[in-house]
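Note sheet for the following structure.
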Amino acid sequence: MTTTLTDRTAHFIHLSDRDDSDLRDLLRNARTLKADDFREPVAAGKTIGLIFLNPSLRTRISFETAAVHLGAGTSIIQPGQGVWTFETRTGVVMDGDRTEHLKEAVQVISRYVDIIGVRAFAGMKDLDEDLEDRLLEDIVRYATVPVINMESAREHPCQALADGLTMLERFEGHPEGRKFVLSWAPHPKPLPMAVPNSALEIAARLGMDVTLACPPEMKLPDSVLDQVQLHAVHNGGQLHVEHDQKAAFRDADIIYGKSWAAPLAYQDPSAENELRTTTYGNWTIDTKRMSLTNGAAFMHCLPVRRNVVVTDKVLDGPGAIHVDQAENRLHVQKAVLMKLMGLQ
Ligand code: CP
């Protein structure tokens, strides 16, 4: 096959490409695959190419393991590490140190493998470019096989599915109406907003009462929040934005800790660094804050900076479910792979 797949549901790119029932089907299938410890060679003879433009622990190992459980092979592609370096910009004179353009690389990889997974973080230089997910969309255009987003500038949909599965388990299949709080936290580095965007969306689409707790400067872009609000209302929930962290924690059922850079990082990185590390350095999630909640579970996508984002006591306490969350990456990705291969 050498034509681009124009049907967005042939891929797994953005949560917004799929309707609520489609997402619920994926989650239901993932629950069953997990319960059955499903390991059958239904994808024998298939290969999954995993392109990592950025590092990973969970994403890489969970995809490789899911493929093994389904009988498929994987090829890990890390440009510059045993693979040519990739030029990702379009229309440039390639007289620097980048050897191969992504355009040829993705077309060629598509001729070898059955599915491509891509990790391509935000460039953190141009907010519009990141929000439009231009690099990922270029890759989807060049590919002639289904593409899975393994975290892009705008979204981390596989993480969101794992988050959804974890909350379905926590609330015995019924997270509707539960108070979900995404709390910003300090961090020494300006992290992208893919995980918070996707975490808010999946919570809204599961009908939860969603609160974004963040300093005013860390508010996520309106285009993201408007979408979350629409999903929340459609599913019987609501979106609140709260700049008082303690007020946000009151009566919460889930505290999802995460740091991200303020949009100011795109214009004034030094001023943004001051806000993230110093001005709001007291937003670390601790047991005192957790005691304000309704016995909330603590979630984080990992990797996490201990005693910066969240204290040891919270992470090592009984309410922490971040390792379950990480395990669930395996089960949801198995469901996504099977769906894209027409096996479910
Ligand atoms: N949560 C997540 O995507 O983890 P990795 O960056 O380790 O893959």
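Position one of the sequence shown corresponds to residue 899 (the working numbering), numbered consecutively onward.
Glycine included, each C-beta is placed from N, C-alpha and C at the ideal position.
Bear in mind the structure is a predicted one, so any value in this text is a computation, not a measurement.
Own chain residues within Cβ distance below 8 Å of residue i, not counting five before or after
{"i": "residue 1064", "result": "1197, 1219, 1222, 1223 and 1226"}
{"i": "residue 1205", "result": "1182"}
{"i": "residue 1010", "result": "945, 947 and 973"}
{"i": "residue 1090", "result": "1019, 1020, 1022, 1028, 1051, 1158 and 1159"}
{"i": "residue 1234", "result": "910, 924, 1046, 1056 and 1059"}
{"i": "residue 1162", "result": "1115, 1169, 1170 and 1173"}
{"i": "residue 1207", "result": "1083, 1084, 1085, 1155, 1156, 1157, 1182, 1183 and 1198"}
{"i": "residue 927", "result": "1233, 1236, 1237 and 1242"}
{"i": "residue 992", "result": "985 and 999"}
{"i": "residue 1167", "result": "1088"}
{"i": "residue 1209", "result": "1182, 1183, 1184 and 1185"}
Nonlocal neighbours in the same chain, by C-beta distance under 6 Å from residue i, ignoring five residues either side
{"i": "residue 1100", "result": "1058, 1061 and 1062"}
{"i": "residue 1079", "result": "1109, 1111, 1146, 1150 and 1153"}
{"i": "residue 899", "result": "Bear in mind that the predicted position of residue 899 carries a pLDDT of just 49, short of 50, making it unreliable; the figure below should be weighed with that in mind. Cβ within range, chain order: 1042."}
{"i": "residue 971", "result": "945"}
{"i": "residue 939", "result": "969"}
{"i": "residue 1008", "result": "1041, 1042 and 1043"}
CB contact flag (residue i, residue j, <8 Å)
{"i": "residue 975", "j": "residue 1017", "result": "no"}
{"i": "residue 1107", "j": "residue 1076", "result": "yes"}
{"i": "residue 964", "j": "residue 984", "result": "no"}
{"i": "residue 1097", "j": "residue 1133", "result": "no"}
{"i": "residue 969", "j": "residue 933", "result": "no"}
{"i": "residue 967", "j": "residue 1232", "result": "yes"}
{"i": "residue 1185", "j": "residue 1039", "result": "no"}
{"i": "residue 1048", "j": "residue 986", "result": "no"}
{"i": "residue 960", "j": "residue 1228", "result": "yes"}
{"i": "residue 1217", "j": "residue 1193", "result": "yes"}
{"i": "residue 1105", "j": "residue 1071", "result": "no"}
{"i": "residue 929", "j": "residue 1034", "result": "no"}
Spatially closest choice to residue i from the options, by CA coordinates
{"i": "residue 1073", "options": "1127, 914 and 922", "result": "922"}
{"i": "residue 1143", "options": "1082, 1215, 986 and 983", "result": "1082"}
{"i": "residue 1145", "options": "935, 1135, 1102 and 1109", "result": "1109"}
{"i": "residue 997", "options": "1013, 980, 1008 and 1012", "result": "980"}
{"i": "residue 1088", "options": "1172, 1037, 1132 and 1131", "result": "1172"}
{"i": "residue 1165", "options": "1071, 1012 and 1025", "result": "1025"}
{"i": "residue 1175", "options": "1190, 952, 1031 and 1113", "result": "1113"}
{"i": "residue 954", "options": "1008, 1015 and 1000", "result": "1015"}
{"i": "residue 982", "options": "951, 1195, 1177 and 1066", "result": "951"}
{"i": "residue 1195", "options": "1044, 1068, 1135 and 919", "result": "1068"}
{"i": "residue 978", "options": "962, 1000 and 989", "result": "1000"}
{"i": "residue 1037", "options": "1066, 904, 937 and 920", "result": "904"}
{"i": "residue 1012", "options": "1139, 988, 1033 and 908", "result": "908"}
{"i": "residue 1201", "options": "1187, 1120, 1093 and 1140", "result": "1093"}
is_contact[residue i, chain D] using C-beta, thresh 8 Å
{"i": "residue 945", "result": "Among the protein chains of the structure shown there is no chain D, as only one such chain exists."}
Chain-order list of residues whose beta-carbon lies under 7 Å from that of residue i (same chain, five-residue window excluded)
{"i": "residue 1095", "result": "1052, 1053, 1118 and 1122"}
{"i": "residue 906", "result": "915"}
{"i": "residue 1129", "result": "1099, 1102 and 1103"}
{"i": "residue 931", "result": "1229, 1232 and 1233"}
task = Just list the alpha helix (DSSP H) runs in the stretch 1069-1147, keeping only unbroken ones of 4 residues or longer that don't cross its boundaries, in chain order.
result = 1092-1103, 1120-1132 and 1143-1147
query = Taking only runs of the beta strand (DSSP E) that begin and end inside the stretch 1179-1239, which ones reach a length of at least 3 residues, in chain order?
reply = 1195-1197
request  = Would you list, in sequence order, the uninterrupted alpha helix (DSSP H) runs of no fewer than 4 residues that lie entirely inside the stretch 1028-1064?
outcome  = 1032-1040
query = What are the complete alpha helix (DSSP H) segments, minimum 4 residues, inside the stretch 983-1026?
reply = 1000-1010
message = Which runs of the alpha helix (DSSP H) at least 4 residues long sit entirely within the stretch 912-977? Give them in chain order.
response = 918-934 and 956-968
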